[in-house]
Amino acid sequence: MRQANRLLTVATPGRGLVEITAEAAAFVRASGIANGLLTAFCRHTSASLLIQENADPDVRHDLDAFFTRLSPDGQPGWRHDNEGADDMSAHIRTALTQTSIGIPLVDGRLVLGTWQGLFLWEHRDRPYRREVVLHLIGE
Amino acid sequence: MRQANRLLTVATPGRGLVEITAEAAAFVRASGIANGLLTAFCRHTSASLLIQENADPDVRHDLDAFFTRLSPDGQPGWRHDNEGADDMSAHIRTALTQTSIGIPLVDGRLVLGTWQGLFLWEHRDRPYRREVVLHLIGE
Amino acid sequence: MRQANRLLTVATPGRGLVEITAEAAAFVRASGIANGLLTAFCRHTSASLLIQENADPDVRHDLDAFFTRLSPDGQPGWRHDNEGADDMSAHIRTALTQTSIGIPLVDGRLVLGTWQGLFLWEHRDRPYRREVVLHLIGE
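Keeping their order, the protein sequence lines are chains A, B and C.
Just so we're aligned, residue 0 is where the first sequence starts under numbering that gives the first Met the number 0, counting upward by one.
Just so we're aligned, residue 0 is where the second sequence starts under numbering that gives the first Met the number 0, counting upward by one.
Just so we're aligned, residue 0 is where the third sequence starts under numbering that gives the first Met the number 0, counting upward by one.
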């Protein structure tokens, strides 16, 4: 049984989903591990992880529209607005999605379904450099 | 340290929660592993995983009612409606719940609480055959 | 490769976020494992886990305010209200957050970001004693 890990830096264009499936798959291949568990962990509280459809970009558009309606920026009553109107809504979007996702690896392939991609979801308006830790255990 | 994995196929009756705790426990028992980590992974973007109360079915009814009010089918403005009015709401429900859940295994038993069950949540109206990968590492 | 686990009991003051980062870090240090994967698992369906900002307590205030507006207690139409007006909303808050979170451990440190803390989120009004299982695998 072995382990591997890598710190992935993801440049985001502001609010939106950035696919990192290829980076995760490349890390898995380079590790030489064929069976095990990959864990992706996002080191932020205003960006998160999500597995969603990677075929039709309309899904990402509609997801963002839903979350914007669910948790609009700049709500009166919010106390935490140090960094602007999108600050607290970014925390809320993070709470409603994932900070950590585990994906089994079987016979050299992540078991993602046909339409599944792994995404970093930037919840802030401006571009950031985000850190995702990839950890793999197996053999 | 050893690993085991199994592809579980779950027939769903349309939208609703299908308990798979017994299937997960049977896989664990068959593996012969007594201490470790079970990961359940759902290979879809319109169905998801959830740990919830398995005692009172009213909980599942009210959960479904809440999500239906939160994200009604067939919203005007949605771009992604290729497969019908329940298509995009299924993606939203998936984003708000889990695709992957890890459950520790201690002394031969999953550490689920007294009232906890593991469920596949079908978010589409029609019945489907869904795939859940179970992965276990431990000894 | 080795494993360790611990049952953590968390006394909650009623609805609100209780940080358990220090307890998780202490468990990791005591294990002697330097690289691996920590899994925290909450054994309840009316309390959950969340990674959020541990710097400004206003974030926790606003998160709670958001969830209260999203899923108010005592909704007419709810069938599951055996234990009071906060019973079903506690299940909903649990479904929308996490029951299980995996955090990689690299060179003796959990890879939490600078502002990230691990929290148990009590969703019931009254104080409870909650159980969180910590599981660690690595070497």
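Just so you know, even glycine gets a beta-carbon here, dropped at the ideal spot from N, CA and C.
Exercise for the section: Give the residues of chain B in contact with residue 132/C, contact being defined as C-beta atoms less than 8 Å apart. Expected result: By one-based count along the third sequence, residue 132/C stands at place 133. Here the neighbours are 103, 105, 110.
Problem - Continuous alpha helix (DSSP H) stretch holding residue 27/B: start and end - result: Indexing the second sequence from 1 puts residue 27/B at position 28. From DSSP, the alpha helix (DSSP H) with residue 27/B extends over 20-30.
Handout entry: Element boundaries [beta strand (DSSP E), containing residue 67/B]
Key = As a working note, residue 67/B is residue 68 in the second sequence. Element bounds for residue 67/B: not the beta strand (DSSP E) but the alpha helix (DSSP H), 56-69.
Practice task
Report buried or exposed for residue 92/A, applying the criterion of at least 16 other Cβ atoms within 10 angstroms of its Cβ.
Solution key: Within the first sequence, numbered from 1, the residue matching residue 92/A stands at position 93. Buried, by the Cβ-count rule.
Handout entry: For residue 99/C, the first and last residue of its enclosing beta strand (DSSP E)
Key = Numbered from 1 along the third sequence, position 100 holds the residue referred to as residue 99/C. Run containing residue 99/C: 99-105, per the beta strand (DSSP E) assignment.
Practice task
With 8 Å as the threshold, decide whether the Cβ of residue 65/C is near any Cβ in chain A.
Solution key: Reading the third sequence from its first residue, position 66 is the one you call residue 65/C. Yes, residue 65/C counts as interfacial toward chain A.
Exercise for the section: Give the straight-line distance between the Cα atoms of residue 38/A and residue 98/A, rounded to the nearest whole angstrom. Expected result: Numbered from 1 along the first sequence, position 39 holds the residue referred to as residue 38/A. Numbered from 1 along the first sequence, position 99 holds the residue referred to as residue 98/A. Spanning the two alpha carbons is a distance of roughly 10 Å.
Exercise for the section: Using a threshold of 8 Å, state whether the C-beta atoms of residue 0/B and residue 121/B are closer than that. Expected result: Here residue 0/B corresponds to residue number 1 of the second sequence, with the count starting at 1. Here residue 121/B corresponds to residue number 122 of the second sequence, with the count starting at 1. Cβ atoms of residue 0/B and residue 121/B: not closer than 8 Å.
Exercise for the section: May I have the straight-line CA-CA distance separating residue 102/B from residue 124/A, to the nearest angstrom? Expected result: Along the second sequence, one-based indexing puts residue 102/B at 103. Along the first sequence, one-based indexing puts residue 124/A at 125. Approximately 35 Å between the Cα atoms of the pair.
Problem - Per-residue contacts from residue 77/C into chain B (C-beta, under 7 Å) - result: In the third sequence, residue 77/C corresponds to position 78, counting from 1. Going along chain B in sequence order, the residues near residue 77/C (Cβ under 7 Å) are 61.
Problem - Contact under 8 Å by Cβ, residue 134/A with residue 51/C - result: Residue 134/A sits at position 135 when you count from the first residue of the first sequence. Residue 51/C sits at position 52 when you count from the first residue of the third sequence. No.
Problem - residue 10/B - containing beta strand (DSSP E), residue span - result: For this step, residue 10/B is matched to residue 11 along the second sequence. Segment 1-10, the beta strand (DSSP E) holding residue 10/B.
Handout entry: Short Cβ contact (8 Å threshold) for residue 47/B with residue 70/B
Key = Mapped onto the second sequence, residue 47/B falls at position 48. Mapped onto the second sequence, residue 70/B falls at position 71. No, Cβ-Cβ distance for residue 47/B and residue 70/B is not below 8 Å.
Practice task
Report yes if the CB atom of residue 29/A is closer than 8 Å to the CB atom of residue 109/A, and no otherwise.
Solution key: Residue 29/A sits at position 30 when you count from the first residue of the first sequence. Residue 109/A sits at position 110 when you count from the first residue of the first sequence. No, the pair does not count as a contact, with Cβ atoms beyond the cut-off.
Handout entry: Proximity winner among 112/B, 81/B, 127/B, relative to residue 20/B (alpha-carbon distances)
Key = Translated into positions along the second sequence, residue 20/B becomes position 21. The residue with the shortest Cα to Cα distance from residue 20/B is 112/B.
Exercise for the section: State yes or no: is the beta carbon of residue 124/C nearer than 8 Å to at least one beta carbon in chain A? Expected result: For the purposes of this step, residue 124/C is identified with residue 125 of the third sequence, where counting begins at 1. Chain A contact via Cβ: absent.
Handout entry: Residues that DSSP places opposite residue 130/A in a beta bridge
Key = As a working mapping, residue 130/A is identified with position 131 in the first sequence. In DSSP, residue 130/A forms a bridge with 8/A.
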